[in-house]
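A short write-up of the structure that comes next.
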Amino acid sequence: MSRKIKLPLPVAAIYRAVAELEARYPTRKFTPDGHLVGSIGEVVAAEALGLTLYPMSHAGHDGYDANGDVQIKMTAGKSVAMYTECTRLVVLRVVSPEEAEIIYDGPGAPAWASAGKVAKNGQRVVSLVKLRALAEGKDDRHL
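Numbering (our numbering), first residue to last: 1195 to 1337.
As structure tokens, then:
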């Protein structure tokens, strides 16, 4: 079952601005991506889950808590990409300008095993549908 998290006010302002731009220019997408979304996901997860963040560009994991290392992913889409298997994976999805939900918070190995083949950019993609099924303890092989 997913858990909803309030986004910090400055983050909500970014997503409200995106919604306004897309309403005004319906033939264009203004999706935040790259480092912006990654950093937003890291600080939101850290605050919500009591994680300590590593310095930027730390290899393999974004933060840690008393239980060990954590890789954090955030998206407004339907999947996330990973470069390598991690100890623990937290995946957030933006559901509105003010809110995100935790789709997955669990061991990295099952998520890595559920991901597709390595793409040309060195990443493997896993769908949020598969991650949600893993989080709910369901078999994802026929999703």
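Glycine included, each C-beta is placed from N, C-alpha and C at the ideal position.
Values in this document were obtained by computation on a predicted structure and should not be read as measured data.
Fill in: Top-ranked residue by Cα proximity to E1236, from D1227, P1226, L1247 and G1228
For the purposes of this step, residue 1236 is taken as the residue at position 42 of the sequence shown. The option with the nearest alpha carbon to E1236 is L1247.
Worksheet item: By Cβ distance below 6 Å, which residues in the same chain neighbour G1262 in space, the five residues on each side in sequence not counted?
Response: As a working mapping, residue 1262 is identified with position 68 in the sequence shown. Leaving aside the five residues that flank G1262 on each side, the residues in its chain whose CB is nearer than 6 Å to its CB run, in chain order, T1281.
Worksheet item: CB-CB under 6 Å to Y1209, same chain, minus the five flanking residues each way: which ones, in chain order?
Response: Position 15 of the sequence shown, counted from the first residue, corresponds to residue 1209. Excluding residues within five positions, the ones whose Cβ falls inside 6 Å are P1291.
Worksheet entry | Rounded straight-line distance, which links the Cα of A1313 to that of L1201 | Along the sequence shown, read from residue 1 onward, the residue named residue 1201 stands at position 7. Along the sequence shown, read from residue 1 onward, the residue named residue 1313 stands at position 119. Annotation: L1201 to A1313 spans about 32 Å, alpha carbon to alpha carbon.
Fill in: Which residues DSSP lists as bridging Q1265, in chain order
As a position in the sequence shown, residue 1265 is number 71, starting the count at 1. Q1265 pairs with L1283.
Item to complete: Enumerate in chain order the residues of its own chain whose CB-to-CB distance from D1256 is below 7 Å, with the five nearest sequence positions on each side excluded.
Response: The residue you call residue 1256 lines up with position 62 of the sequence shown. Cβ-Cβ distances below 7 Å link D1256 to E1236, L1247, Y1248, V1264, Q1265 and I1266 in the same chain, with the five nearest sequence neighbours on each side left out; the list follows chain order.
Practice prompt. Return the bridge partner residues of S1273 from the DSSP annotation.
Written response: Within the sequence shown, numbered from 1, the residue matching residue 1273 stands at position 79. DSSP lists S1321 as partners of S1273.
Worksheet item: Around the C-beta of G1302, are 16 or more other C-beta atoms found within 10 angstroms, so that it is buried, or is it exposed?
Response: The residue labelled residue 1302 in the question sits at position 108 within the sequence shown. So G1302 counts as buried.
Worksheet item: Taking the C-alpha atoms as reference points, what is the distance between L1337 and S1196?
Response: Translated into positions along the sequence shown, residue 1337 becomes position 143. Translated into positions along the sequence shown, residue 1196 becomes position 2. Here the model assigns L1337 a pLDDT of 49, short of 50, so the residue's position is not dependable, and the following value carries that caveat. Rounded to the nearest angstrom, the two C-alpha atoms are 18 Å apart.
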